[in-house]
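Everything below concerns the one structure shown next.
2 protein chains.
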Amino acid sequence: MYSTKLSVSIHIMSVIVLMEGQPVTSEYIASSINTNPALVRRLMSRLKKAKLIKTSTKLGVTGLAREAKDISLLDIFFATEDHQDLFSIHSNTNPNCPVGAKIEVTLKHLYDNIQTATEEKLSAISLADIIKEFI
Amino acid sequence: MYSTKLSVSIHIMSVIVLMEGQPVTSEYIASSINTNPALVRRLMSRLKKAKLIKTSTKLGVTGLAREAKDISLLDIFFATEDHQDLFSIHSNTNPNCPVGAKIEVTLKHLYDNIQTATEEKLSAISLADIIKEFI
DNA sequence: TTATTTGTAACTAAAATAGTTACAGAAGGA
DNA sequence: TCCTTCTGTAACTATTTTAGTTACAAATAA
Numbered sequence: 513m514y515s516t517k518l519s520v521s522i523h524i525m526s527v528i529v530l531m532e533g534q535p536v537t538s539e540y541i542a543s544s545i546n547t548n549p550a551l552v553r554r555l556m557s558r559l560k561k562a563k564l565i566k567t568s569t570k571l572g573v574t575g576l577a578r579e580a581k582d583i584s585l586l587d588i589f590f591a592t593e594d595h596q597d598l599f600s601i602h603s604n605t606n607p608n609c610p611v612g613a614k615i616e617v618t619l620k621h622l623y624d625n626i627q628t629a630t631e632e633k634l635s636a637i638s639l640a641d642i643i644k645e646f647i
Numbered sequence: 513m514y515s516t517k518l519s520v521s522i523h524i525m526s527v528i529v530l531m532e533g534q535p536v537t538s539e540y541i542a543s544s545i546n547t548n549p550a551l552v553r554r555l556m557s558r559l560k561k562a563k564l565i566k567t568s569t570k571l572g573v574t575g576l577a578r579e580a581k582d583i584s585l586l587d588i589f590f591a592t593e594d595h596q597d598l599f600s601i602h603s604n605t606n607p608n609c610p611v612g613a614k615i616e617v618t619l620k621h622l623y624d625n626i627q628t629a630t631e632e633k634l635s636a637i638s639l640a641d642i643i644k645e646f647i
């Protein structure tokens, strides 16, 4: 099973925008995702801590913390994904082998390059861009 | 736990190149990675099926199937990683909600774009480029 | 004051990973 | 031809990660 936290979080944020400022509960959002309210609240909690949404007990989510055009998919990615590395590197390689001694740093450098490019792409897409697809 | 198959496979391929055509066993390669020979053989088997290396019982890996400059990291990625999607999408969303109805196709289109860019970056790096770091 | 909702802890079940053992079968080399 | 060695693969374990679920204290709007 692979993490769908970014996808689900984009879904959550989209529902909030589509409700145009009306308070929405985790239960309402969960019914659109077809999942459990508690799972939605866990992600909501992280989105709130990242200052992307505003919530209130008794009312639910009361809206975005800033405009949709100013929230990027990278913001959502950083807020909700636990593991943010696209590729992972094995460790404890044999330092007595020329490959084992340098593979970790070599791959790190290489992956960092790809990671940065991907993050730039995510930062170039705003929640407002996503919303356009739903109206 | 996140897959390190690409990283380990690049390690395997690098050791093969560094041995310059001399046969190498899975046990030798495993000692450089600091892991189990069977794990190395599993990846070797996939690299062989993808026509990236040549193997022989009794001798081990006898060499690359083509020149290091003509083997890209994307070739290795495709050969050895089971799950090749950078981002995963949740399914079974509610079709009666505008977001639930279109989120899957919207995200797929968006992720495909990032996926393609990443694959292009992996295809631009050859095994020969990696080897330069070890000599 | 009361009803409702968040926020979070504590679980379970399923899936994916690396690691491990074991062995049949292939093939090089004496 | 025979023997030794290594691949190729199956079967298994332990660990980690994930989504999903239940439960409830605390907050708060009305």
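Line by line, the protein sequences are chains A and B. Counting the first sequence from 1 gives a position; the numbering used here is that position plus 512. Counting the second sequence from 1 gives a position; the numbering used here is that position plus 512. C-beta atoms are modelled at their ideal positions from N, C-alpha and C, and glycine is treated no differently.
Cα separation between residue i and residue j?
i	j	result
A:HIS523	A:ASN606	44 Å
B:ILE565	B:SER557	9 Å
A:THR618	B:HIS621	32 Å
A:GLN599	A:PRO535	Looking at the sequence itself, residue 599 of chain A is Phe, so the reference to Gln does not match. Cα to Cα, the separation comes out at about 38 Å.
A:THR630	B:LYS570	44 Å
B:TYR514	A:ASP597	9 Å
B:ASP587	B:ALA562	8 Å
B:SER603	A:PRO549	16 Å
B:GLU645	A:HIS595	28 Å
B:ASN546	A:THR628	29 Å
A:SER541	B:TYR623	As written in the sequence, residue 541 of chain A is Ile, which differs from the Ser given in the question. The straight-line gap from Cα to Cα measures roughly 23 Å.
B:ILE601	A:ASN608	42 Å
A:ILE647	A:SER521	19 Å
Bridge partners of residue i, per DSSP?
i	result
A:THR567	A:VAL573
A:SER638	A:SER584
A:VAL617	None, per the DSSP bridge assignment.
Give the range of the alpha helix (DSSP H) segment to which residue i is assigned.
i	result
A:ALA562	Neither: A:ALA562 is in no alpha helix (DSSP H) and is coded neither H nor E.
B:LEU598	Element bounds for B:LEU598: n/a, residue is neither H nor E.
A:VAL527	517-530
B:SER603	Careful: B:SER603 lies outside any alpha helix (DSSP H) and carries neither H nor E.
A:GLU539	538-545
Compare the Cα-Cα distances from residue i to each of the options and report the closest residue.
i	options	result
B:GLU539	B:MET531, B:GLY533, B:GLU532, B:VAL552	B:VAL552
B:THR516	B:PHE646, B:ILE601, B:LEU555	B:LEU555
B:GLY575	B:THR537, B:SER519, B:ILE647	B:THR537
A:SER519	A:VAL573, A:LEU585, A:VAL529	A:LEU585
B:THR592	B:ALA577, B:LYS560, B:GLY612, B:LYS614	B:LYS560
B:MET531	B:ILE545, B:VAL573, B:ALA562, B:ASN548	B:VAL573
B:LYS633	A:GLU632, A:ALA636, A:ASN625, A:ILE588	A:ASN625
B:PHE589	B:ILE528, B:PHE646, B:SER638, B:GLU645	B:SER638
B:VAL527	A:ALA577, A:SER568, A:ILE615	A:ILE615
B:ILE583	B:PHE646, B:THR628, B:ASN548, B:SER635	B:SER635
B:ALA613	A:SER544, A:ASP594, A:THR628, A:MET525	A:SER544
B:PRO610	A:GLU579, A:SER568, A:ILE643, A:ASP594	A:ILE643
B:GLU579	B:THR567, B:VAL529, B:ALA542	B:VAL529
A:SER568	A:GLU645, A:GLN627, A:PHE646, A:GLY533	A:GLY533
A:ASP641	A:ILE541, A:LYS581, A:SER521, A:ALA577	A:LYS581
A:ALA577	A:ILE647, A:PHE646, A:MET525, A:GLU645	A:MET525
Spell out whether any CB of chain A is found under 8 Å from the CB atom of residue i.
i	result
B:GLY498	An answer regarding residue 498 of chain B cannot be provided, because it is not within the stretch 513 to 647 covered by chain B.
B:LYS633	yes
B:SER519	yes
B:ASN548	no
B:SER584	no
B:VAL536	no
B:ILE565	no
B:PHE599	yes
Can a CB atom of chain B be found closer than 8 Å to the CB of residue i?
i	result
A:GLY612	yes
A:THR630	yes
A:SER638	no
A:LEU622	yes
A:THR592	no
A:GLU645	yes
A:VAL527	yes
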